[in-house]
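From first to last, the protein sequence lines stand for chains A and B.
Those letters in the first sequence? Residues 1 to 367, by the UniProt record's numbering.
Those letters in the second sequence? Residues 1 to 367, by the UniProt record's numbering.
Please read the structure below before turning to the comments.
There are 2 protein chains.
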Amino acid sequence: MAQISLSRRLRRTPFSEGVEAAGVKGFTVYNRMLLPTVFESVQADYRHLKSHVQVWDVSCERQVELRGPDAARLMQMLTPRDLRGMLPGQCYYVPIVDETGGMLNDPVAVKLAEDRWWISIADSDLLLWVKGIANGYRLDVLVDEPDVSPLAIQGPKADELMARVFGDRVRDIRFFKFDMFEFEGRDLAVARSGYSKQGGFEIYVEGSDIGMSLWNALFAAGEDLQVRAGCPNLIERIEGGLLSYGNDMTDYNTPHECGLGKFCNTHTAIGCIGRDALLRVAKEGPVQQIRPITIHGDEVPPCDRPWAVYAGGKRVGQVTSAAWSPDFESNVAIGMMRLSHWDAGAEVEVEAPDGTRRATVREAFWI
Amino acid sequence: MAQISLSRRLRRTPFSEGVEAAGVKGFTVYNRMLLPTVFESVQADYRHLKSHVQVWDVSCERQVELRGPDAARLMQMLTPRDLRGMLPGQCYYVPIVDETGGMLNDPVAVKLAEDRWWISIADSDLLLWVKGIANGYRLDVLVDEPDVSPLAIQGPKADELMARVFGDRVRDIRFFKFDMFEFEGRDLAVARSGYSKQGGFEIYVEGSDIGMSLWNALFAAGEDLQVRAGCPNLIERIEGGLLSYGNDMTDYNTPHECGLGKFCNTHTAIGCIGRDALLRVAKEGPVQQIRPITIHGDEVPPCDRPWAVYAGGKRVGQVTSAAWSPDFESNVAIGMMRLSHWDAGAEVEVEAPDGTRRATVREAFWI
Numbered sequence: 001m002a003q004i005s006l007s008r009r010l011r012r013t014p015f016s017e018g019v020e021a022a023g024v025k026g027f028t029v030y031n032r033m034l035l036p037t038v039f040e041s042v043q044a045d046y047r048h049l050k051s052h053v054q055v056w057d058v059s060c061e062r063q064v065e066l067r068g069p070d071a072a073r074l075m076q077m078l079t080p081r082d083l084r085g086m087l088p089g090q091c092y093y094v095p096i097v098d099e100t101g102g103m104l105n106d107p108v109a110v111k112l113a114e115d116r117w118w119i120s121i122a123d124s125d126l127l128l129w130v131k132g133i134a135n136g137y138r139l140d141v142l143v144d145e146p147d148v149s150p151l152a153i154q155g156p157k158a159d160e161l162m163a164r165v166f167g168d169r170v171r172d173i174r175f176f177k178f179d180m181f182e183f184e185g186r187d188l189a190v191a192r193s194g195y196s197k198q199g200g201f202e203i204y205v206e207g208s209d210i211g212m213s214l215w216n217a218l219f220a221a222g223e224d225l226q227v228r229a230g231c232p233n234l235i236e237r238i239e240g241g242l243l244s245y246g247n248d249m250t251d252y253n254t255p256h257e258c259g260l261g262k263f264c265n266t267h268t269a270i271g272c273i274g275r276d277a278l279l280r281v282a283k284e285g286p287v288q289q290i291r292p293i294t295i296h297g298d299e300v301p302p303c304d305r306p307w308a309v310y311a312g313g314k315r316v317g318q319v320t321s322a323a324w325s326p327d328f329e330s331n332v333a334i335g336m337m338r339l340s341h342w343d344a345g346a347e348v349e350v351e352a353p354d355g356t357r358r359a360t361v362r363e364a365f366w367i
Numbered sequence: 001m002a003q004i005s006l007s008r009r010l011r012r013t014p015f016s017e018g019v020e021a022a023g024v025k026g027f028t029v030y031n032r033m034l035l036p037t038v039f040e041s042v043q044a045d046y047r048h049l050k051s052h053v054q055v056w057d058v059s060c061e062r063q064v065e066l067r068g069p070d071a072a073r074l075m076q077m078l079t080p081r082d083l084r085g086m087l088p089g090q091c092y093y094v095p096i097v098d099e100t101g102g103m104l105n106d107p108v109a110v111k112l113a114e115d116r117w118w119i120s121i122a123d124s125d126l127l128l129w130v131k132g133i134a135n136g137y138r139l140d141v142l143v144d145e146p147d148v149s150p151l152a153i154q155g156p157k158a159d160e161l162m163a164r165v166f167g168d169r170v171r172d173i174r175f176f177k178f179d180m181f182e183f184e185g186r187d188l189a190v191a192r193s194g195y196s197k198q199g200g201f202e203i204y205v206e207g208s209d210i211g212m213s214l215w216n217a218l219f220a221a222g223e224d225l226q227v228r229a230g231c232p233n234l235i236e237r238i239e240g241g242l243l244s245y246g247n248d249m250t251d252y253n254t255p256h257e258c259g260l261g262k263f264c265n266t267h268t269a270i271g272c273i274g275r276d277a278l279l280r281v282a283k284e285g286p287v288q289q290i291r292p293i294t295i296h297g298d299e300v301p302p303c304d305r306p307w308a309v310y311a312g313g314k315r316v317g318q319v320t321s322a323a324w325s326p327d328f329e330s331n332v333a334i335g336m337m338r339l340s341h342w343d344a345g346a347e348v349e350v351e352a353p354d355g356t357r358r359a360t361v362r363e364a365f366w367i
C-alpha cells in the first residue's frame with residue numbers, strides 16, 4: 001500500500017501531536033487537512049467505538065464563518081432547507097446546492113447569533129463558493145475560515161467523559177443543540193452531534209493554542225473509561241447510513257438523489273439559489289437514489305472507486321462505500337441505485353474488484 | 001510513516017493504472033485527486049528527470065472551463081494580469097485574487113477561443129469561486145470541470161519522445177503556447193509548459209477513455225530514451241523556484257508577497273475583483289516576500305509544516321519547502337522573509353525539527 005507524502009499543504013491540526021503519539025497508522029486528506037483513518041485496525045477501532053469512548057481529531061471539518069447584517073440572508077441563499085425557525089444554539093444539517101440543484105457540500109450549520117453563523121463543512125472548499133456569492137451579490141457580510149477545529153467525543157461513554165471535563169451540564173445538551181462551556185478561561189461551543197451513531201459531542205475548539213491541553217485533559221479524565229484516540233469509522237458510518245460527500249455523492253447529485261429531500265423545504269426556502277432547479281426536481285422526482293445494500297459473500301476489498309451494479313446485464317447503479325461488518329456478519333454498503341432497482345429486496349450484481357458479487361438492496365440502514 | 005487510506009473521494013485518474021504498474025511508492029492528494037510523489041526515490045527520480053524524460057500523471061491539475069459570451073470578461077475579473085493582448089493558443093500564468101488581494105490559486109489560463117477558456121488549477125476548488133462570481137454577477141457563461149486530465153512530458157529528451165508520438169510539429173511549439181494534435185482520432189491541446197525547469201510539454205487529455213492508450217504509446221515509443229513514470233520533483237522544483245500553492249503561499253498572501261508582481265498589471269486590468277486592494281498593495285509594497293534560502297549543514301528532514309526563521313532572537317520569516325540538493329550539495333529551500341531580512345546574503349537561523357540551522361538568503365533560485 002502507498003505512503004502519504006507530508007507537506008505543509010496537507011495541513012496539520014492542533015491535535016496532530018496527540019494523534020501521532022497515539023500511534024495513528026493511516027490518514028486521508030479532507031479539506032486539505034490530515035484526517036486519521038485508523039489507529040489499531042478499522043475493525044478493532046469499530047469495536048472500541050461501540051463499547052467505550054473515543055476522541056476524534058476532526059479539525060478537517062473546517063468552519064466557514066458568516067458575520068454581519070446579511071449573514072442570515074446569505075445562509076438561506078446557500079440551502080433549500082428553510083432556516084426561518086432556526087434559533088441561536090441550534091445546529092441544522094443543510095444540503096448546499098448550486099443553481100442547478102447540484103450538491104456542493106452537506107455541512108452542519110451552527111447558528112451562533114442572528115448575524116453570526118458557522119458552516120461546519122464536508123470535503124469541498126465551500127468557503128470559495130460562499131465568498132463568491134457574497135461578493136457577486138454585494139452582501140454586507142464577512143466570510144472567512146476562523147481558527148476553529150472540532151474535536152469529537154464519540155461512543156457510549158461520551159457523556160461520562162465530557163461531564164468529568166466540562167461538568168454535568170453537558171448532559172443536558174440535546175441532539176443537534178449546542179451550548180457554551182468554559183475550558184481554561186475560554187468559552188467553547190459544545191454540540192451534541194458527530195459522525196457516528198454511538199452518541200457524543202463535538203467541541204468547536206476556538207484557538208489552536210489550547211488544542212493539546214484539551215486533548216490531554218480528556219485523556220487524563222477518561223483513563224478508567226478506556227478512552228482512546230479514534231476517528232470516523234468506515235464500518236460504523238456505513239451501518240448508520242452516514243453519507244460521505246465525495247464518496248457517496250458529488251456535485252452531480254441533487255439532495256433528492258441522496259435521500260435528503262426531507263431537508264429541502266424548497267417551497268418556503270425563499271432566496272435559495274438552487275430553488276428553481278430543485279422545485280423541478282421535487283416535482284419530477286429523482287430517477288436514482290442512495291440505498292443501503294448488502295453485498296453477499298466474504299469480506300470485500302477496499303472500495304476506492306465506484307463499483308458498477310448490474311441486473312439482467314444492464315447497469316442499474318453503483319456502490320461507493322463498502323466494508324465487512326463484524327456485527328451484522330455481512331458486507332454493508334452504500335450505493336446509488338436506479339429507480340427500477342431501488343426497492344428493498346431487489347437482487348443485483350456488484351462488480352467488485354475480486355469478481356462479481358450477489359447483492360440485495362435493503363429497506364433501511366443497519367442501525 | 002503513515003499510509004494513505006484510499007477511497008472514491010481521493011479520485012483516481014485516467015492514468016492511475018499505469019502509475020501503479022510503474023511501482024509508485026507515495027502519493028499526495030491535490031484537488032481531491034491522487035498525485036504521485038515518488039517512484040524509485042525522490043533523489044533517484046530527480047537524477048532521472050534531469051537526464052532523460054518522464055511521463056507525469058498531473059490529472060490533478062483540474063480544468064475550470066469558461067464558455068460563453070462573458071467568458072473573457074469573467075476571466076479578467078479573476079486576475080490582475082492584463083489579458084487584453086492574449087491570443088487563442090497562448091497560456092498565461094495568472095495569479096487569482098479575491099477582493100482583498102489574497103491569492104486563491106496560481107493557475108495557468110489556457111485561451112482556446114475568445115469565448116472558451118480553461119484554467120489549469122493549483123490546489124484549491126477554484127471552480128467554486130468562479131461559479132459563485134458568475135452566478136452573483138449574473139454573467140452569461142457556463143462554468144464547469146470538463147473531463148480533461150493533463151499528462152506532462154518533462155526532461156531533456158521530451159521533444160524527441162513527443163515527436164515520435166505526435167510528429168515533428170510538436171518541436172515548433174513555443175514556450176507557454178499550445179497547438180492541437182491528433183491522437184487516435186481526437187484533437188488534443190499540447191502546450192510547451194510543465195512544473196519543472198527541464199523542458200517539456202503538457203498534453204491536455206480530453207476524454208478519460210484514451211488515457212491509458214496515450215500512456216502506453218508514450219512508453220512504447222520511448223524505451224530507448226529510458227522514459228519512466230515520474231512526478232513533480234520536490235528538489236528540482238525548489239531549485240527552479242517553482243512555487244507550490246498551499247505550501248509556499250496561501251490565501252493570506254498577495255501576489256506581490258509571492259514575487260508575482262510582474263504578473264500583476266493592476267493599473268490596466270480593469271474589472272479585476274481584487275484591483276482596488278492590489279493597487280494599495282502595489283503602492284505600499286509588501287513587507288514580506290518569498291525568497292530562495294540555503295540551509296546549511298546535512299540533509300534536512302521533510303518539511304511538513306512551516307519552520308520559523310529567526311535573526312537576533314526575532315522572528316523574521318518561515319521556510320515552507322526544503323530538500324537536500326545533490327547537484328548543489330546543500331539544502332535548497334523556499335521561505336517567506338520579512339523586509340528586514342530578505343536581501344541576498346542575509347544570515348538567519350531556521351528552526352528545523354532536528355535543531356536550529358544556519359541559513360543564508362539568496363539572490364536568485366538555483367536554476
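For each residue, glycine too, the CB sits at the ideal point set by N, CA and C.
| field | Amino acids of chain A, ordered along the chain, whose beta-carbon sits closer than 9 Å to that of residue 27/B | value | Here residue 27/B is taken as the residue at index 27 of the second sequence, counted from 1. Residues of chain A passing the Cβ test: 2, 3, 4 and 5.
| request: Could you tell me if the beta carbon of residue 196/A falls within a distance shorter than 8 Å of some heavy atom in the ligand MN? | output: The ligand MN is absent from the structure shown, which contains no ligands of any kind.
| query | How many whole angstroms separate the CB atoms of residue 345/B and residue 360/B, which I take to be in contact at a CB cut-off of 8 Å? | reply | What you label residue 345/B is simply residue 345 of the second sequence in a count that begins at 1. What you label residue 360/B is simply residue 360 of the second sequence in a count that begins at 1. So it is a contact: roughly 7 Å between Cβ atoms.
| Check whether residue 156/B and residue 198/B have beta carbons under 9 Å apart | Translated into the one-based positions of the second sequence, residue 156/B becomes position 156. Translated into the one-based positions of the second sequence, residue 198/B becomes position 198. Contact: yes.
| request: Following the continuous beta strand (DSSP E) through residue 321/B, name the residue where it begins and the one where it ends. | output: If you number the second sequence from 1, residue 321/B lands on position 321. Here the beta strand (DSSP E) through residue 321/B covers 314-325.
| How long is the line joining the alpha carbons of residue 168/A and residue 83/A, rounded to whole angstroms? | Here residue 168/A refers to the residue found at position 168 of the first sequence. Here residue 83/A refers to the residue found at position 83 of the first sequence. Distance between the alpha carbons of residue 168/A and residue 83/A is about 30 Å.
| request: Enumerate, from N- to C-terminal direction, the unbroken beta strand (DSSP E) stretches of 3 or more residues contained entirely within the region 177-251 of chain A. | output: 178-183, 186-191, 200-206 and 228-230
| query | Taking the C-alpha atoms as reference points, what is the distance between residue 278/B and residue 271/B? | reply | For this step, residue 278/B is matched to residue 278 along the second sequence. For this step, residue 271/B is matched to residue 271 along the second sequence. Each residue's alpha carbon lies about 12 Å from the other.
| message | So, under 8 Å CB-CB, residue 151/B and residue 42/B are touching, yes? Tell me the CB distance rounded to an integer number of Å. | response | By one-based count along the second sequence, residue 151/B stands at place 151. By one-based count along the second sequence, residue 42/B stands at place 42. Contact flag wrong, Cβ pair sits at about 21 Å.
| task | Excluding the 5 residues preceding and the 5 following residue 307/B in the sequence, name in chain order all residues of the same chain whose CB lies nearer than 7 Å to its CB. | result | Position 307 of the second sequence holds residue 307/B. Sequence-distant Cβ neighbours of residue 307/B in its own chain, meaning closer than 7 Å and more than five residues away, are 318, 319, 350, 351 and 352.
| task | Would you mind sorting residue 267/B into buried or exposed? The rule is 16 or more other CB atoms within 10 Å of its CB. | result | In the second sequence, counting from the first residue as 1, residue 267/B sits at position 267. Exposed: under 16 other Cβ atoms inside 10 Å.
| Of the listed residues 77/B, 227/B, 85/B and 63/B, nearest to residue 99/B (C-alpha basis) | Translated into the one-based positions of the second sequence, residue 99/B becomes position 99. Nearest of 77/B, 227/B, 85/B and 63/B to residue 99/B, Cα basis: 77/B.
| query | Any idea what DSSP makes of residue 144/A, helix, strand or coil? | reply | Locating residue 144/A in the first sequence gives position 144, where the first residue counts as 1. Residue state, collapsed to three classes: strand.
| message | Using a Cβ distance threshold of 8 Å, determine whether the region 202-219 of chain B contacts the region 5-16 of chain B, with at least three qualifying pairs required. | response | When Cβ pairs closer than 8 Å are counted between the two stretches, the region 202-219 of chain B is seen to touch the region 5-16 of chain B, the count reaching three or more.
| How many Å lie between residue 49/B and residue 230/B at the Cα? | Position 49 of the second sequence, counted from the start, is the residue given in the question as residue 49/B. Position 230 of the second sequence, counted from the start, is the residue given in the question as residue 230/B. Going by the C-alpha atoms only, they are around 8 Å apart.
| task | Please decide whether residue 126/A counts as near chain B, where near means a Cβ-Cβ distance under 9 Å. | result | Sequence index remark: in the first sequence, residue 126/A carries index 126 (1-based). By this cut-off, residue 126/A is an interface position.
| field | Nearest-angstrom Cα separation, counted from residue 316/B out to residue 369/B | value | For chain B, the structure presents residues 1 to 367; residue 369/B sits outside this window and is missing.
| query | Quick one, are the C-beta atoms of residue 219/B and residue 153/B less than 9 Å apart? | reply | One-based indexing of the second sequence puts residue 219/B at position 219. One-based indexing of the second sequence puts residue 153/B at position 153. Taking 9 Å as the Cβ cut-off, residue 219/B and residue 153/B do not qualify as a contacting pair.
| request: Apply the 10 Å Cβ neighbour rule to residue 328/A and answer buried if 16 or more other Cβ atoms are within range, or exposed otherwise. | output: Counting from one through the first sequence, the residue named residue 328/A turns up at place 328. Classification for residue 328/A: exposed.
| request: Look at residue 248/B and residue 367/B and say whether their C-beta atoms are less than 9 Å apart. | output: Here residue 248/B corresponds to residue number 248 of the second sequence, with the count starting at 1. Here residue 367/B corresponds to residue number 367 of the second sequence, with the count starting at 1. Contact: no.
| said: Judging by CA-CA distance, which residue of 97/A, 135/A and 362/A is the nearest neighbour of residue 251/A? | reply: Here residue 251/A refers to the residue found at position 251 of the first sequence. Cα-wise, what sits closest to residue 251/A is 97/A.
| message | Within 10 Å of its beta-carbon, does residue 106/A have 16 or more other beta-carbons around it, so buried, or fewer, so exposed? | response | Start at 1 with the first residue of the first sequence, and residue 106/A comes out as number 106. Label assigned to residue 106/A: buried.
| query | Among 45/B, 6/B and 22/B, which residue has its Cα nearest to the Cα of residue 33/B? | reply | The residue given as residue 33/B occupies position 33 in the second sequence. Minimum Cα distance to residue 33/B is reached at 6/B.
| said: So, at 8 Å on beta carbons, what are the nonlocal neighbours of residue 22/B in its own chain, with the 5 sequence-adjacent residues on each side left out? | reply: Taking the second sequence and counting its residues from 1, the one referred to as residue 22/B is at position 22. Within the same chain, residue 22/B has close Cβ partners 39, 228 and 229.
| task | Measure from the C-beta of residue 244/B to each C-beta in chain A and report whether the shortest distance is under 9 Å. | result | The residue labelled residue 244/B in the question sits at position 244 within the second sequence. Judged by the 9 Å Cβ criterion, residue 244/B is in contact with chain A.
| request: Express the C-alpha separation of residue 116/B and residue 195/B in angstroms, rounding to a whole number. | output: Here residue 195/B refers to the residue found at position 195 of the second sequence. Here residue 116/B refers to the residue found at position 116 of the second sequence. Taking the straight line joining both Cα atoms gives about 24 Å.
| message | Taking beta-carbon pairs under 8 Å, can you tell me which members of the region 249-280 of chain A lie near chain B? | response | 273
| task | Would you mind sorting residue 26/A into buried or exposed? The rule is 16 or more other CB atoms within 10 Å of its CB. | result | Working through the first sequence from its first residue, we reach residue 26/A at position 26. Residue 26/A is buried by the Cβ-count criterion.
| said: Please tell me whether residue 37/A has its Cβ less than 9 Å away from any Cβ of chain B. | reply: Position 37 of the first sequence, counted from the start, is the residue given in the question as residue 37/A. By this cut-off, residue 37/A is an interface position.
| query | Which one of 261/A, 148/A and 257/A has the shortest CA to CA distance from residue 287/A? | reply | Your numbering for residue 287/A matches position 287 in the first sequence. Taking only the C-alpha atoms, the option nearest residue 287/A is 257/A.
| Just how far apart, CA to CA, sit residue 264/B and residue 124/B? | In the second sequence, the residue the question calls residue 264/B occupies position 264. In the second sequence, the residue the question calls residue 124/B occupies position 124. For residue 264/B and residue 124/B, the distance between alpha carbons rounds to 20 Å.
| task | Sort 10/B, 24/B and 8/B by Cα distance to residue 2/A and report the nearest one. | result | Indexing the first sequence from 1 puts residue 2/A at position 2. It is 24/B.
| Counting pairs of beta carbons, one from the region 87-94 of chain B and one from the region 135-150 of chain B, are three or more of them closer than 8 Å? | No, the region 87-94 of chain B is not in contact with the region 135-150 of chain B.
| Just how far apart, CA to CA, sit residue 10/A and residue 37/A? | Here residue 10/A corresponds to residue number 10 of the first sequence, with the count starting at 1. Here residue 37/A corresponds to residue number 37 of the first sequence, with the count starting at 1. If I take the Cα positions, the gap works out to 15 Å.
| What are the uninterrupted segments assigned as alpha helix (DSSP H) that are 4 or more residues long and contained completely in the region 18-92 of chain B, given in chain order? | 42-51 and 71-78
| task | Step through the CB atoms of chain B and report whether any lies within less than 9 Å of the CB of residue 360/A. | result | Within the first sequence, residue 360/A is the residue found at index 360, counting from 1. Judged by the 9 Å Cβ criterion, residue 360/A is not in contact with chain B.
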